[in-house]
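First the structure, in the form of structure tokens, and then the observations on it.
Numbering (UniProt numbering), first residue to last: 1 to 704.
Right, dumping it as structure tokens:
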């Protein structure tokens, strides 16, 4: 079943809290251990808690500690993003969410309140978070003070935008809906855009939820109740600031008015109370006295002698203008002890939302989107479950040291650094990194040098290698590190930040060798698009593989995809789809496809594979319907096998740059033990990812 749901509004005062209440009640009826998580909250003030989090914890008696329920305040989030740390924000939110996911049966996530005066920023933020934690979204659209057609247009635009951002929309709730919101109009939201049918629920406006009560005013202003304690549940519809004489003031009161006046205006106080007793004037909701001024003794005596004061009278310390400013940001809120409002909210949700349908969709619907941040997190998570020993031959290099620090802090691998120990430690101190948990080996002074050189000499003497050459090469950190992997002193190696690709992988070709049944070493790039991960092979090693080699590359790439959680559907790429084209290049792909299918049968593998097929037919479902209907691969391929290095290398770089894709690799495949190459222009995150990948490959080699 799904383990999460993200509830997000499109603007402030949407009644999102009431919807979250309804969803939480639905979940707690089915599941024992449910968490509430708000990635971003408004700063509730010193010593205070976020309103919605406190409401959920108190009403549903959730066991989650308050400090685990949020990641950032909106103010802090904006500061970090404005300073270029958007990725850090998403990473920390994902880390905090993943901790909850491990501890609870379900995590109900609630988006921001849109009080930051920048709705576009908050909308994008909510969409990014939902995509990165892999949560389908329940969209809450507000119908407050809108025409039905406007509500439809806003809802439709929101859902279309979320789809473009790679967010799965579970359902849409039009809350606080206006009169005239018909089933026919709702149907337009469901059908437009060609998406799969999606339920849209309409919850009408309920004044008891949307308007603040006098008790809300009391809490908001931290006011004292002077009179009329029994009327605190009265709803406020409008504010009237009373600064005029009585004769002029009375004409401005309306039903539900909250009269705001200084505490020394006895005339306004008495006339307001009297208006409630007169059938000629509408009923006001209450009175707020400002300035912290006491009602005069005689007026107090008069009111005290009144049998049953008709309306509540509050007193607050702020002056009139300050009080009005504070009240302008007040709206109806559901408090944990306001059982009437909670009952109203839950009743409205149950009445207007098909709870059984929504529950089934929540249980069945799990987002299939995978963002780059999610994929990188999954790499670190998988690597850290069983840390492997990864050797880094370029131990003095700054990026290597910084990456080693990160890997060690995250517990993703045990790190072995090769090079002069003093130089490595000096550089670590210089760059401010902690490598105290790493093992440092100087190949030229290691006790392993002689046995490694002897082993190398024995393995390569048939190629004319002499003893002096063997000792010289084994003093080279790359050769030494590769021999550590070969002899089991390390589980994998990562190099290439300084050295060339040839220098990195040549030792592996010489004595690590290929796996049984595999005649070629090849590579893939893991292409992290905004909503999925694709596998491209071979884009780094083999210039012009023959048909047999291409078939082996296809199967190796499919196996690599599996290791990293990508369901393999293999597309053998060509400039022709099916039998539409002729030529030597097409014939090679046709032959490679035939061989690959035979190998799948021989090895007992059930992996969908199609070829020859053009890239557009492989990735685009609409094109696939025209060019290759009824294919298990066309339109939904995940593994793309290019016919030669020229095509593959150019394509991966074009996609990487044009679509701003995170390209992880090259990941070498076909070797007996994992050795991976870095680009000399690699960044620290590139190295971290490659080390994690190598560790995961090592786990797979051991069957772990």
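We put the CB at the ideal spot given by N, CA and C, even for glycine. Computed from a prediction, not measured in an experiment: that's the story for all the values here.
Exercise. Buried or exposed for residue 63, please, with buried defined as at least 16 other CB atoms from any protein chain shown within 10 angstroms of its CB.
Key: exposed
Exercise. Return the chain-ordered ranges of every beta strand (DSSP E) run that is complete within the region 379-437 and spans a minimum of 3 residues.
Key: Counting only runs of 3 or more, we get 388-392, 413-418.
Exercise. Closer than 7 Å by C-beta to residue 497: which residues in its own chain qualify, once you throw out the five before and the five after it? Chain order, please.
Key: 394, 397, 399, 400, 678, 680, 682, 687
Quiz prompt | Of the residues 251, 391, 550, 290, the one placed nearest residue 645, counting alpha carbons only | solution = 550
Exercise. Can you give me the Cβ contacts of residue 578 inside the same chain, cut-off strictly under 8 Å, excluding the 5 residues immediately before and after it?
Key: Within the same chain, and ignoring the five residues on either side of residue 578 in sequence, the residues whose Cβ sits closer than 8 Å to its Cβ are 612, 613, 627, 628.
Quiz item: Taking the Cβ atom as the reference point for each residue, do residue 770 and residue 694 lie within a distance shorter than 8 Å?
Solution: The structure shown does not extend to residue 770, since the chain is modelled only from 1 to 704, so the question has no answer here.
Practice problem: Report the residue ranges of all alpha helix (DSSP H) runs contained in full by the region 633-677; include only those spanning at least 4 residues, in chain order. | Solution: 645-658
Quiz item: Would the region 168-178 and the region 200-219 be scored as touching if the rule is three or more Cβ pairs under 8 Å?
Solution: yes
Practice problem: Just confirm the distance between the C-beta atoms of residue 266 and residue 315, as a whole number of angstroms; I'd bet it's less than 8 Å. | Solution: Not quite, the Cβ-Cβ distance comes to about 14 Å (not below 8 Å), so this is no contact.
Quiz item: If you draw a straight line from the C-alpha of residue 388 to the C-alpha of residue 668, how long is it?
Solution: 17 Å
Exercise. Just list the beta strand (DSSP E) runs in the region 197-251, keeping only unbroken ones of 3 residues or longer that don't cross its boundaries, in chain order.
Key: 200-204, 224-227, 238-241
Self-check item: Beta-bridge pairing of residue 526 - partner residues as DSSP gives them
Solution: In the DSSP assignment, the residues bridged to residue 526 are 535, 664.
Quiz prompt | residue 629 (DSSP reduced to helix, strand or coil) | solution = coil
Quiz item: For residue 613, which beta-bridge partners are listed by DSSP?
Solution: 573
Quiz item: Would you call the region 507-514 and the region 544-558 touching, i.e. three or more CB-CB distances under 8 Å?
Solution: The region 507-514, when compared against the region 544-558, does not touch it at the 8 Å Cβ threshold.
Quiz item: Nearest to residue 599 by CA position, among 588, 337, 517, 140, is which residue?
Solution: For the set 588, 337, 517, 140, the Cα lying nearest the Cα of residue 599 is the one of 517.
Quiz item: Ends of the beta strand (DSSP E) at residue 64?
Solution: Neither: residue 64 is in no beta strand (DSSP E) and is coded neither H nor E.
Practice problem: Run the CB neighbour count on residue 157, radius 10 Å, all protein chains shown included, and call it buried at 16 or more, exposed below. | Solution: exposed
Exercise. Return helix, strand or coil for residue 4, following the three-state DSSP convention.
Key: Shown here, residue 4 sits in a strand according to DSSP, grouped into three states.
Quiz item: Does the Cβ of residue 621 have 16 or more other Cβ atoms within 10 Å, making it buried, or fewer, making it exposed?
Solution: exposed
Quiz item: Using DSSP with H/G/I as helix, E/B as strand and the rest coil, what is residue 566?
Solution: coil
Quiz item: Apart from the five residues on each side of it in sequence, which residues of its chain come closer than 6 Å, Cβ to Cβ, to residue 440?
Solution: Excluding five sequence positions before and after residue 440, the CB atoms of its chain that fall closer than 6 Å to its own CB belong to 417, 421, 424, given in chain order.
Quiz item: Ordered along the chain, which non-local residues of its own chain (more than five positions away) have a Cβ less than 6 Å from that of residue 59?
Solution: 336
Quiz item: What does DSSP give as the partner residues of residue 439 in its beta bridges?
Solution: DSSP lists 416 as the beta-bridge partner residues of residue 439.
Quiz prompt | Among 257, 663, 50, nearest to residue 540 - alpha-carbon criterion | solution = 663
Quiz item: Are the beta-carbon atoms belonging to residue 639 and residue 692 less than 8 Å from one another?
Solution: no
Practice problem: Could you have a look at residue 597 and say whether DSSP puts it in helix, strand or coil? | Solution: helix
Quiz prompt | residue 303 - partner residues in DSSP beta bridges | solution = Residue 303 pairs with nothing; no bridge assigned.
Quiz item: Could you give the C-beta distance for residue 477 and residue 443, rounded to a whole number, given that I count them as a contact under 8 Å?
Solution: 5 Å
Practice problem: Using DSSP bridges, identify the partner residues of residue 456. | Solution: As computed with DSSP, residue 456 is found in no beta bridge at all.
Self-check item: For residue 684, the nearest candidate out of 494, 537, 566, 345 (CA to CA)
Solution: 494
Practice problem: Following the continuous alpha helix (DSSP H) through residue 29, name the residue where it begins and the one where it ends. | Solution: 16-30
Practice problem: Can you tell me which of 384, 349, 428, 181 puts its alpha carbon nearest to the alpha carbon of residue 147? | Solution: 181
Quiz item: Based on the DSSP secondary-structure assignment, which residues constitute the bridge partners of residue 106?
Solution: Answer by DSSP bridge pairing, in chain order: 34.
Practice problem: Would you mind working out which of 449, 152, 521 sits nearest residue 537, comparing C-alpha positions? | Solution: 521
Quiz item: For residue 28, is the beta carbon positioned less than 7 Å from some heavy atom of the ligand ZN?
Solution: Questions concerning the ligand ZN fall outside what the structure shown contains, since it holds no ligand whatsoever.
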